[in-house]
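Residue 33 is where the first sequence starts when you use our numbering, and the numbers rise one by one after that.
Ideal Cβ placement from N, Cα and C applies to all residues, glycine included.
A short worksheet on the structure shown next.
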Amino acid sequence: MLHARLSDWFDDAARDLPWRLPSRTPWGVLVSEFMLQQTPVSRVLPVWEDWMSRWPTPADLAAEPAGEALRHWGRLGYPRRAVRLHAAATAVVVRHGGQVPGSHDELLALPGVGTYTAAAVAAFAFGRRETVVDTNIRRVHARLVDGAALPAPSLTAAEMNRAATLLPDDAGSSVRWNAAVMELGALVCTARTPACEQCPVLDLCAWVAAGRPAPTYVPRGQSWAGTDRQVRGAIMHVLRHADAPVPRPLIHDRPVDLAFGAPAALEKLHALNAPPEQLERALAGLLTDGLAEETPNGVQLPA
DNA sequence: AAACCGTGGTA
DNA sequence: TTACCAAGGTT
């Protein structure tokens, strides 16, 4: 009942995403999953298209410096993902002869691939029966089954077990089920203001039956202004747009004479007025994380 | 295991 | 306008 209802809904509600087309490749799915980590579909689409035409196979990306991956990551955020995706491409070439592996365990062993991404790629690229649990699926299950407004702050073993229980036995049906529940969470059963009037399983929803009770906890927001993350982001913005190593003095010291015209990205960094020790700490972190490297002439994206 | 890691659209 | 939030992973 539940499964048939969602499957029917998915038939005409599913978005036409390029990584879902029959022409998709495991590599394309892997790239999409990396980019979609904590990032909305709308922002991923253009970058994914660029990457697919630029690097149609893992070997194409692996043949380039990690800095190229970072440069073409654009402003997707969490640039460590670009470095890890580059490392994953390299591992695919070295360990798997250039073919993205299809098993959960082999995928999980790749850099930047956790339980969600491993399951998602195995399911959506290889048609395997996997327990896929992302933030959308967690929220749908929390409401539909638990009658709670939101899932627990962090993923629990009980949630994984329940998701496994709900999974259809047949591989093909399971892939469709995973995609449908995820899509419902993304389009209808949203976090902020769910469109319950569009929900195909409204009458089965425990949360609605309970009168849509409010969340029992308040999500902790992430601070931003004044944080190292903000400074790191600004530095990365500078490095992505630099066509040569950026001398450290240019990063640390606000140029007094801008007559020559400072790059906009550099001005943006300096506008933060970050304390010297914070700039130093942020830069050191970027170097440690492999997002940047030091040369005699300055700082640059990894070569 | 709590904290950290970017970014920009949206209400 | 501010705060939330988006197909998480790593330490």
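The region 271-288 and the region 246-255 do not touch, with fewer than three beta-carbon pairs separated by less than 8 Å. For THR147, the secondary structure class from DSSP, reduced to helix, strand or coil, is helix. The C-alpha of VAL213 is placed about 9 Å away from the C-alpha of SER39. ARG208 is classed as buried because its beta carbon has at least 16 other beta carbons within 10 Å across all chains shown.
The shortest C-alpha to C-alpha distance from ALA203 to any of PHE158, ASP321, ARG86 is the one to PHE158. Burial check for LEU53: the Cβ neighbour count within 10 Å stays below 16, so the residue is exposed. Non-local C-beta neighbours of GLN310 in its own chain, meaning closer than 8 Å and more than five positions away in sequence, comprise ASP260, VAL263, ordered along the chain.
Inter-residue distance for GLU100 and TRP83 is about 11 Å (C-alpha atoms, whole angstroms). A distance below 6 Å between beta-carbons, with the five flanking residues on each side excluded, links HIS269 to the following residues of its chain, in chain order: ALA297. Taken through DSSP and simplified to helix, strand or coil, THR188 comes out as coil. Counting C-beta pairs with one atom in each stretch, the region 308-323 and the region 104-119 have three or more that are closer than 8 Å, which means they touch. DSSP, read as helix, strand or coil, puts VAL331 in strand. For ALA155, the CB contacts under 6 Å within the same chain, skipping 5 residues up- and downstream, are GLU162, VAL164, VAL207, ASN210 in chain order.
In the DSSP assignment, GLN262 falls within the unbroken alpha helix (DSSP H) covering 260-273.
Runs of the alpha helix (DSSP H) spanning 4 or more residues and lying entirely within the region 301-328 occur at 308-320, in chain order. Of the residues GLU96, ALA196, PHE42, TRP105, the one whose Cα lies closest to the Cα of SER64 is TRP105. Here the C-alpha atom of ALA45 lies approximately 15 Å from the C-alpha atom of HIS35.
PRO72 and THR222 have their C-alpha atoms some 13 Å from each other. In this structure, the straight-line span from the alpha carbon of PRO50 to that of ARG56 is close to 7 Å. The beta carbon of VAL233 is closer than 7 Å to those of LEU34, ARG37, LEU38, LEU176 in its chain, skipping five residues each way along the sequence.
Following the DSSP letters along the chain, one finds SER206 inside the alpha helix (DSSP H) bounded by residues 203-219.
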